[in-house]
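In our numbering, the protein residues as written are 6 to 145.
One structure is given here, and the rest of the page talks about it.
Given below as structure tokens:
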């Protein structure tokens with residue numbers, strides 16, 4: 006079974022996610038892309054990346070203006086640090102699909118719809134915090 010957290014941006018309390026800044030998406034993900042650069046832009050204009058962090062953790066990431074899907078992230082705070090940086094720079098939230106929970110940093114919290122502001126889990130946008138919130142803390 007695939008596990009796919011998603012990233013969405015909300016603005017001014019609207020219930021509908023707003024378009025993402027695709028230049029920010031490219032700027033964050035391109036340095037970590039280990040896939041074929043000719044395949045980054047799909048036929049429909051959406052972006053796809055195979056990212057690998059310095060610790061060897063990886064994920065497939067698909068992006069369009071409406072949201073970002075992080076497919077099969079491997080355990081390792083490195084890939085989650087990339088996800089955290091992406092969410093932070095976009096001032097966006099991370100949706101955890103198994104529990105139906107939204108995670109966000111303080112910069113995105115004020116833009117959420119009122120009903121989400123009370124239910125969202127506020128975290129520091131770091132690889133360790135995102136990994137712990139999505140899959141549990143690492144045991145050493």
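Think of the CB as a built atom: it goes at the ideal place given N, C-alpha and C, for glycine as much as any other residue.
Here residue 47 is exposed, its C-beta having fewer than 16 other C-beta atoms within 10 Å. In the structure shown, residue 128 falls within a coil segment according to DSSP collapsed to helix, strand and coil.
The stretch 101-112 makes no contact with the stretch 63-83, as fewer than three CB pairs between them are under 8 Å. The beta carbon of residue 9 lies closer than 8 Å to those of 74, 75, 76, 77, 102 in the same chain, with the five residues before and after it left out.
Under the DSSP definition of a beta bridge, residue 67 partners with 53, 74. In this structure, the CA atom of residue 125 is about 35 Å from the CA atom of residue 44. A direct Cα-Cα distance of roughly 12 Å separates residue 29 from residue 69. CA-to-CA, the gap between residue 66 and residue 108 works out to about 18 Å.
With contacts defined by Cβ atoms closer than 8 Å, residue 33 and residue 91 form a contacting pair. Residue 99 is bridged by DSSP to 12, 108.
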